[in-house]
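Heads up: the structure comes next, in structure tokens.
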Amino acid sequence: MSDWPLAIGVLGTLTMLFFFCAGDRLIGRASGRTPWGILGFVVSQMVEKGTWIFPGSTPAWYGPSTYVSAMVAGFAGFARLQLTSAEQRANPDNNPLAANERAAAGEDRLRNYAVSDDLAVLDAAVDDFRAATRQSVGHANHLVHVTGLIRAARMRYERLGRLQDLDEAVEAGEGASRARGAGQARGRMLCQLSTALRLRYDHLGAADDLARAVAGGREAVRLVPSRSPHFPGTCGQFGAALHSEFLRTDDMDVLEQAVAQVSAAVDWSDGRGYRRAADRATLCYLLVQRGKRTGDLGDIDRAVRTGREALETVAPGEAMYGTCLSNLGLALRTRHGLRAGAERAPATDDLDEAIGLSERALSTAPTDAPERAVYQVVAALALRDRGQYDTARAPGGAAGGAGSTAGAADRTKKLDLALDAARAAATHPRADVPTRMRAGLLWSDIAASGARYRDAMTAFETVIALLPRLAGRELRRADQEDRLGRYSGVAADAAACALFEGAPERAVAMLELGRGVLLSRELDLRSDIGELRARKPSLAREFEELRASLAEGRAERPAGDAADSRSRRRAEGERWDVLLREIRALDGLADFAGPPSPQRLLAGAAEGAVVYLNVSRFRSDAVIIAPDGIRSVPLRVTPDEAEHRQRTLDAALAAGHGGEAERAAAVHEVLGWLWDALAEPVLNALKDLHAAHRGPGLPRVWWVPTGSLALLPVHAAGHRGGTRSLLDRVVSSYTPTMRSLAAARTARTTGAPSARRRVPLAVAMSSTPGAEPLTGAEAEARMVRGLFPGTVRLTDADATRERVLGALPDHAWAHFACHTATDPDVPSRSGLLLHDHQRGLLTVEDVSRLELGSPELAYLSSCDTARTAPRHADESIHLASAFQLAGYRQVVATLWRVEDEVSSVFAENVYTELARAVRSGAPVDAAAAVRHATLAVRELCPNLPQFWAGYLHVGC
């Protein structure tokens, strides 16, 4: 064998030894470099000494390949050194030794802060880790220093609630994710990044943050070896991320995974002879969540044991002490509740201990600390349960008629303390919005259960004021809808409490502010600023600039969009809120970009009564706005009954369900119930107003149904035969909110559309790629053109998304005959199927972003165009409301699937009436035309209400 391979091999070995001995200081520790360096050195020496691992003669390729491998490893290390040195040279703050010193100082300060709660010490720790991170770019400990910065910034956020700290933590981690390094150091950094992302999701709601938190946590568990002392903390944080995913998805398998991860962390510590309070406190909480869902008392017993072990592990004054107290209190309170359901008279030891633990937890938290709100919620729950338990078992029962004065006073005191705790949590200035929302709803529940409706009203007003912040402008539309959907029904309960207090005006205000939050946000951007410009030009200019920026930022954004973009949108949203307050402080502009005042409400009722159909767990009412005032009419309806009727109707109309006769029977039953429970009481209350009606045609009524009622055909309520039917008594329309109705009326007063714009646009898809043919679509388009010559038709291949969007501004009337696709989880992604729908639907969000001036009519001859998922009913997110938001003051839509043949007949009846009005110069009244068409189809098939009861009119 020649000498040159041996020389090269020895050179490679020496290079590898160089990096083995000094590389950590020069280029950072690389996972796996040390063992491979040792292996290369040993093999090279074996070759050099003539020691062979092959019996007999050594293969000819063995020696050269060994030397070449060593050479490649050596030169790879050298190249990496050059690359990293360039990265270090580009960093003006490059100073790895100083970075290590600053990081060590930061760690000392974090330990000091944990026992002192000295914010100046925490600030200094953040500064230390910032400096260490800047000074160590490209060096061995850079990921370690970034990990410290993420942790310190997150801790400051948890203490002060400043979102910029949480943003900094996330940005630092995501920036370091591209840095060199692998193994445990990267795993520890990913663990801290996962925690920061999970917190940001929990508090702000971006689903992409949660997805990245789970992915990062899973990767961290993979990278941190089980022998590492950081392994249990990594498992625990991953379990917390999985718990957040469970709360979003309601998937019990995910909760099981979370419990398994944290249990693994606890087992790891137990196996090494010590306990970590954080892991046990987290496991206690997760077991409580699982036990509540499954009703398994065994889980709750285990949670109590685990919570006690956590409390034994931590000393008073340590960072986790308050959390351990509160979580154990929650477990004990939950155990009492489960036992109360299974035992006739369970002992109150658990509740009493839970109250004591909660009080101790509160004593550990500074008054301005965000976690104090969490402890207050747990305390309020335990105090409420004890007060209710005592009340239910007092002599005389809940009425307490025979109870002792002292006992009644004690029960009242407990409920007062519960109210105080919940109120304080709901109004805590530094607590996150979801915690404040939960506290506010608990406050309202405690107050309402004690018939303290005025206090409950205040609680609900606090919650409703938080709804826009819950669906922050920085979030993608899907996340906003998800967050609001979790609080459906809040406005109805708030209105019910106002009605208990005899305040129908406040009931209307809460129904307006607590429903259609996203709809109102869009209307804010379209507010007329003529008066503002005349009164305060500087505010008008700022308003225009800011709304232009907000309008640009509301477009659907890719997941994981830049952090600075999210921060900018958040800042713009905060400035927008301040700007609106400044404008409303001006004389005469108190209602600017807001719901109509009571005076405007009453003035608008001159055209016809507006009726909110409010169904709540507390009470149900029709709140009627008429020219003579606002009043309520009690309704004998419960939310459960309304939901049952909605589900009955859905099941009857589902594809493949029975025959037409069976469907008809189910629809007739629902229509009859709607008459008896809702329509007849309202008409009785309006009979004097309707008796005085002197206008042409029947009286008008605008319906504003809440909850499940928004999915039912209230306008068609009635019994078959006779005149016990709304269709025979009034002309019905719907409106999502009074504010949207007022906007439509304002658009109407801007003047009739020009003759050119009144030429209809007819979009017909008789043949849709990937969907069943609609044989009547083309016939509808021809019919519209026959009644309105000059109608522009876009059919089949010509009806693309781009062409339709381009044509809409030129037409005051638009007719769509096509399929729809609905997304129950993200209703703004529902839409119309045009020719190129496989590339993209014409979605609810697309239409709602249009600003078309004052178009007159949109006719949606498609299925489910006025329907959304039950959890989104209060937001009214569907195609009908989208077209109204785009400017169309009248929209014809459907509540369910419509038959192709019936659609053609119905549309012809509607347009015949509209053509007659246009020829005579009368106002275009699409509501009356829809009623006329409904009666015509009803006359053709009176016993098949599924064919005619689903069409409705929205707007004015």
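With our numbering applied, the sequence shown closes on residue 1076, and no number is skipped along the way.
A virtual CB, placed ideally from N, CA and C, is assigned to each residue, including glycine.
As the structure is a prediction and not an experimental result, all values here were calculated from the model.
Outcome for glutamate 898 when other beta-carbon atoms lying within 10 angstroms are tallied against a minimum of 16: Position 778 of the sequence shown, counted from the start, is the residue given in the question as residue 898. Buried.
Count the other CB atoms within 10 Å of the CB of glutamine 958; is the residue buried (16 or more) or exposed (fewer)? Taking the sequence shown and counting its residues from 1, one reaches residue 958 at position 838. By the Cβ-count criterion, glutamine 958 is exposed, with fewer than 16 other Cβ atoms from all chains shown falling within 10 Å of its own Cβ.
With DSSP as the reference, identify every bridge partner of isoleucine 475, one or two as the case may be. The sequence position of residue 475 within the sequence shown is 355, counting from 1. None, per the DSSP bridge assignment.
Assign threonine 443 to one of three DSSP states: helix, strand, or coil. To locate residue 443, count along the sequence shown from 1; it is residue 323. Helix, per DSSP.
Backbone CA spacing between lysine 412 and aspartate 536 [nearest angstrom]: In the sequence shown, residue 412 corresponds to position 292, counting from 1. In the sequence shown, residue 536 corresponds to position 416, counting from 1. Roughly 26 Å between the two C-alpha positions.
Could you tell me the alpha carbon to alpha carbon distance between tryptophan 1016 and alanine 378, rounded to whole angstroms? For this step, residue 1016 is matched to residue 896 along the sequence shown. For this step, residue 378 is matched to residue 258 along the sequence shown. Going by the C-alpha atoms only, they are around 40 Å apart.
Looking only at its own chain, which residues have a Cβ that is under 6 Å from the Cβ of glycine 693, when we skip the five neighbours before and after it? Looking up residue 693 in the sequence shown gives position 573. Arg593, listed in sequence order.
Alpha-carbon spacing of leucine 999 relative to alanine 725, whole angstroms: Here residue 999 is taken as the residue at index 879 of the sequence shown, counted from 1. Here residue 725 is taken as the residue at index 605 of the sequence shown, counted from 1. Roughly 26 Å between the two C-alpha positions.
Check whether the region 972-992 touches the region 933-952, counting contact only when three or more Cβ pairs, one atom from each stretch, lie closer than 8 Å. yes
Apply the 10 Å Cβ neighbour rule to proline 716 and answer buried if 16 or more other Cβ atoms are within range, or exposed otherwise. Here residue 716 corresponds to residue number 596 of the sequence shown, with the count starting at 1. If you draw a 10 Å sphere on the C-beta of proline 716, you find 16 or more other C-beta atoms in it, and that means buried.
Short of 7 Å in beta carbon distance, which residues of its chain neighbour alanine 1056, apart from the five on each side in sequence? Order them along the chain. On the sequence shown, position 936 is the one that residue 1056 refers to. Counting only Cβ-Cβ distances below 7 Å, and skipping sequence neighbours, we find Asn1029.
Rounded distance between the beta-carbons of histidine 955 and aspartate 916, thought under 8 Å: On the sequence shown, residue 916 is found 796 positions in, with the first residue counted as 1. On the sequence shown, residue 955 is found 835 positions in, with the first residue counted as 1. Rounded, the Cβ-Cβ distance is 6 Å, consistent with contact.
Hey, quick one: how far does the alpha helix (DSSP H) through tryptophan 388 stretch, first residue to last? Mapped onto the sequence shown, residue 388 falls at position 268. Here the alpha helix (DSSP H) through tryptophan 388 covers 372-391.
Could you tell me which whole beta strand (DSSP E) segments of length 3 or greater appear in the region 897-928? 912-915
Assigned exposure category for histidine 777 - 16 Cβ within 10 Å defines buried: As a first step, residue 777 is located in the sequence shown; it is residue number 657 there, counting from the start. With fewer than 16 Cβ atoms within 10 Å of its Cβ, histidine 777 is classed as exposed.
Going by C-alpha to C-alpha distance, which of Arg783, Arg550 and Pro759 sits closest to leucine 769? Here residue 769 is taken as the residue at index 649 of the sequence shown, counted from 1. The shortest Cα separation from leucine 769 among Arg783, Arg550 and Pro759 belongs to Arg783.
Going by Cα to Cα distance, which pick from Thr911, Cys938 and Ser478 is closest to alanine 891? What you label residue 891 is simply residue 771 of the sequence shown in a count that begins at 1. Ranking Thr911, Cys938 and Ser478 by Cα distance to alanine 891 puts Cys938 first.
For histidine 813, which of Gly827, Asp748 and Gly728 has the nearest alpha-carbon? Along the sequence shown, one-based indexing puts residue 813 at 693. Comparing Cα-Cα distances from histidine 813 to each of Gly827, Asp748 and Gly728, the minimum goes to Gly728.
Whole angstroms is fine: what's the gap from alanine 1013's alpha carbon to alanine 1027's? Locating residue 1013 in the sequence shown gives position 893, counting from the first residue. Locating residue 1027 in the sequence shown gives position 907, counting from the first residue. About 11 Å.
Which class does isoleucine 997 belong to by DSSP, given the choice of helix, strand or coil? Within the sequence shown, residue 997 is the residue found at index 877, counting from 1. If DSSP states are grouped into helix, strand and coil, isoleucine 997 belongs with coil.
The alpha helix (DSSP H) spanning proline 825 covers which residue range? Translated into the one-based positions of the sequence shown, residue 825 becomes position 705. Premise fails: proline 825 lies in the beta strand (DSSP E), 820-825, not in any alpha helix (DSSP H).
Should serine 483 be labelled buried (16 or more other beta-carbon atoms within 10 Å of its own) or exposed? Against the sequence shown, residue 483 aligns to sequence position 363. Around the CB of serine 483, fewer than 16 other CB atoms lie within 10 Å, so the residue is classed as exposed.
Thinking C-alpha only, which one of Arg739, Trp823 and Ala772 is nearest valine 731? Counting from one through the sequence shown, the residue named residue 731 turns up at place 611. Cα-wise, what sits closest to valine 731 is Trp823.
Short of 8 Å in beta carbon distance, which residues of its chain neighbour alanine 919, apart from the five on each side in sequence? Order them along the chain. Here residue 919 refers to the residue found at position 799 when the sequence shown is read from its first residue. Here the set comprises Val883, Ala884, Met885, Cys938, Leu954 and His955.
Would you decide whether aspartate 66 is buried or exposed? Buried here means 16 or more other CB atoms lie within 10 Å of its CB. Residue 66 lies beyond the residue range present for the chain, which begins at 121 and ends at 1076; the question has no answer from this structure.
For glutamine 1004 and aspartate 966, I'd like the C-alpha separation in whole angstroms. Against the sequence shown, residue 1004 aligns to sequence position 884. Against the sequence shown, residue 966 aligns to sequence position 846. Computed Cα separation, rounded: 13 Å.
Which full runs of the beta strand (DSSP E) of 3+ residues lie inside the region 929-1014, going along the chain? The region 929-1014 contains these whole beta strand (DSSP E) runs: 933-937, 977-980 and 1010-1014.
Buried/exposed call for lysine 807, threshold 16 Cβ in 10 Å: Taking the first residue of the sequence shown as position 1, residue 807 is located at position 687. So lysine 807 counts as exposed.
Along the alpha helix (DSSP H) that carries valine 434, what are the first and last residues, could you check? Looking up residue 434 in the sequence shown gives position 314. That residue, valine 434, is in no alpha helix (DSSP H); it is neither H nor E in DSSP.
Between the Cα of histidine 1073 and the Cα atoms of Ala401, His1052, Gly226 and Pro1065, which residue gives the shortest distance? Your numbering for residue 1073 matches position 953 in the sequence shown. Nearest C-alpha to histidine 1073: His1052.
What residues are listed by DSSP as bridge partners for isoleucine 109? Because the chain here runs from 121 to 1076, residue 109 falls outside it and cannot be looked at.
Can you give the Cα-Cα distance for arginine 626 and alanine 612, rounded to whole angstroms? In the sequence shown, residue 626 corresponds to position 506, counting from 1. In the sequence shown, residue 612 corresponds to position 492, counting from 1. C-alpha separation (whole angstroms): 12 Å.
For glycine 838, write down the residues that DSSP places opposite it in a beta bridge. In the sequence shown, counting from the first residue as 1, residue 838 sits at position 718. Per DSSP, Ser845.
Identify whether arginine 693 lies in helix, strand or coil by the three-state DSSP scheme. Counted from its first residue, the sequence shown places residue 693 at position 573. Per the sequence presented here, residue 693 reads as glycine, with arginine not at that position. Note: glycine 693 maps to helix in three-state DSSP.
With a CB to CB cut of under 6 Å and the five nearest residues on each side skipped, what residues in its chain are close to alanine 746? As a first step, residue 746 must be located in the sequence shown, where it is residue number 626. Excluding residues within five positions, the ones whose Cβ falls inside 6 Å are Ala725, Ala729 and Leu809.
What residue does the beta strand (DSSP E) around alanine 335 start on, and which one ends it? Translated into positions along the sequence shown, residue 335 becomes position 215. Unbroken run through alanine 335 is the alpha helix (DSSP H), 327-343; no beta strand (DSSP E).
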